[in-house]
Ligand SMILES: Cc1cc2nc3c(=O)[nH]c(=O)nc-3n(C[C@H](O)[C@H](O)[C@H](O)COP(=O)(O)OP(=O)(O)OC[C@H]3O[C@@H](n4cnc5c(N)ncnc54)[C@H](O)[C@@H]3O)c2cc1C
């Protein structure tokens, strides 16, 4: 299907892109295109208005790639999922990103879809949110005059994931003392989208959990933390009974709201497995 007429912009620098984005009305950002192009076709099919201006970020080299600066990993927003998966920097707490990326959809999608698109496209089921909240990641947005704005991924999703500026990169501090586990269930066998995801990060001190983050992707609301379970874990010893006991200490609104029995059960399986994995790796 042909798209409605539009003006396509392909800026070569971030500065050019941010100025265009601020000056054009009805402009949409194009990164990998896996969501946007579908949604333009869908809008047209429904007879609805489509944006007049598309700004492609694909030629903006400074937004590509994964590098290490100071003690933090910096992921350019138009880095594709497979390039993050292949990065040699994914060690210590960052290693969990390899598992997360490997589970996202299929190879063709992972070769096109960008990290920035996954975080900012406002689909509640995309899955980088929960692990990035667990890893205390920060988002960096850039305005038309080069002004930078940082917000934690947690706050970004709490505020409804609205990106009014261009996301330039995601940064995550390396933490050699953190242990992180991730468990994800897919929705169906033919189209690989997630049903749910659970990411738990802790910094064990002896047998105790500390600075624990339990981050949930229920695919209905944006990724969020379960503070009830976090509080329980912070007061507990990391024994082998904990994965079972934890099920009595969930913020059930996150798991049970609009979930059918299968999903409710799989949430409990995911929490148990993620905790058993975490405790099993305690040094
Ligand atoms: C068949 C299929 C299966 C999928 N399965 C999964 C899955 O299993 N798990 C999962 O997590 N995801 C899945 N996805 C979603 C996929 O990860 C997203 O489509 C992708 O990450 C969006 O990135 P993109 O670069 O293609 O975004 P685009 O489609 O190019 O952009 C979408 C929107 O994101 C915003 N945007 C993008 N980049 C920026 C930026 N730098 N600054 C500001 N705003 C920006 C804009 O509003 C833009 O219009 C699937 C998608 C498809 C099509």
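In my numbering, the protein residues as written are 2 to 284.
Even for Gly, the Cβ is constructed at its ideal location relative to N, Cα and C.
Continuous alpha helix (DSSP H) stretch holding residue i: start and end
{"i": "residue 24", "result": "15 to 24"}
{"i": "residue 260", "result": "Run containing residue 260: none; DSSP gives neither H nor E here."}
{"i": "residue 245", "result": "243 to 246"}
{"i": "residue 100", "result": "97 to 104"}
{"i": "residue 82", "result": "82 to 86"}
Candidates the options, of which the one nearest residue i by Cα
{"i": "residue 216", "options": "134, 266 and 69", "result": "134"}
{"i": "residue 90", "options": "117, 228 and 176", "result": "176"}
{"i": "residue 199", "options": "128, 212, 222 and 253", "result": "128"}
{"i": "residue 108", "options": "94, 124, 167 and 87", "result": "87"}
{"i": "residue 249", "options": "227, 130, 261 and 264", "result": "227"}
{"i": "residue 5", "options": "17, 80 and 48", "result": "48"}
{"i": "residue 13", "options": "123, 56, 251 and 246", "result": "56"}
{"i": "residue 123", "options": "3, 141, 103 and 160", "result": "160"}
{"i": "residue 188", "options": "105, 205, 237 and 118", "result": "105"}
{"i": "residue 245", "options": "223, 280, 219 and 213", "result": "280"}
{"i": "residue 141", "options": "169, 73 and 92", "result": "169"}
{"i": "residue 28", "options": "208, 243 and 166", "result": "166"}
{"i": "residue 213", "options": "186, 195, 182 and 224", "result": "182"}
{"i": "residue 230", "options": "207, 222, 218 and 201", "result": "201"}
{"i": "residue 81", "options": "277, 111, 97 and 173", "result": "111"}
{"i": "residue 116", "options": "132, 143 and 79", "result": "79"}
{"i": "residue 277", "options": "239, 262, 264 and 261", "result": "239"}
{"i": "residue 138", "options": "95, 66, 210 and 101", "result": "95"}
{"i": "residue 156", "options": "224, 206 and 197", "result": "224"}
{"i": "residue 233", "options": "143, 210 and 98", "result": "210"}
{"i": "residue 92", "options": "283, 180 and 25", "result": "180"}
{"i": "residue 275", "options": "284, 53, 252 and 247", "result": "247"}
{"i": "residue 252", "options": "45, 272, 162 and 23", "result": "272"}
{"i": "residue 98", "options": "184, 59 and 261", "result": "184"}
{"i": "residue 208", "options": "241, 186 and 45", "result": "241"}
{"i": "residue 204", "options": "50, 30 and 284", "result": "284"}
{"i": "residue 51", "options": "26, 206, 61 and 235", "result": "26"}
{"i": "residue 66", "options": "77, 119, 221 and 113", "result": "77"}
{"i": "residue 197", "options": "263, 172, 143 and 58", "result": "263"}
{"i": "residue 60", "options": "54, 125 and 16", "result": "16"}
{"i": "residue 130", "options": "173, 46 and 21", "result": "173"}
{"i": "residue 236", "options": "206, 192, 178 and 261", "result": "206"}
{"i": "residue 62", "options": "32, 54, 53 and 46", "result": "32"}
For residue i, three-class secondary structure by DSSP
{"i": "residue 314", "result": "A question about residue 314 goes unanswered here, because the residues of the chain that appear run from 2 up to 284."}
{"i": "residue 195", "result": "strand"}
{"i": "residue 121", "result": "helix"}
{"i": "residue 221", "result": "coil"}
{"i": "residue 267", "result": "helix"}
{"i": "residue 91", "result": "coil"}
{"i": "residue 294", "result": "Since the first and last residues shown for the chain are 2 and 284, residue 294 lies out of range."}
{"i": "residue 279", "result": "helix"}
{"i": "residue 133", "result": "helix"}
{"i": "residue 116", "result": "helix"}
{"i": "residue 254", "result": "helix"}
{"i": "residue 233", "result": "helix"}
{"i": "residue 152", "result": "strand"}
{"i": "residue 79", "result": "coil"}
{"i": "residue 228", "result": "helix"}
{"i": "residue 41", "result": "helix"}
{"i": "residue 62", "result": "helix"}
{"i": "residue 273", "result": "helix"}
{"i": "residue 1", "result": "Nothing about residue 1 can be read from this structure; the chain reaches only from 2 to 284."}
{"i": "residue 249", "result": "helix"}
{"i": "residue 213", "result": "coil"}
{"i": "residue 74", "result": "strand"}
The beta strand (DSSP E) enclosing residue i, as first and last residue numbers
{"i": "residue 54", "result": "54 to 57"}
{"i": "residue 185", "result": "180 to 187"}
{"i": "residue 173", "result": "167 to 174"}
{"i": "residue 36", "result": "It is not in any beta strand (DSSP E) - residue 36 carries neither H nor E in the DSSP assignment."}
{"i": "residue 28", "result": "28 to 31"}
{"i": "residue 141", "result": "139 to 143"}
{"i": "residue 8", "result": "8 to 10"}
{"i": "residue 67", "result": "67 to 70"}
* Are the region 268 to 276 and the region 245 to 258 in contact at 8 angstroms, needing three or more beta carbon pairs? -> yes
* To do: Check whether the region 147 to 156 touches the region 25 to 37, taking contact to mean three or more Cβ pairs, one atom from each stretch, closer than 8 angstroms.
  => no
* Using 8 angstroms as the Cβ pair cut-off and three pairs as the minimum, do the region 61 to 75 and the region 39 to 46 touch? -> no
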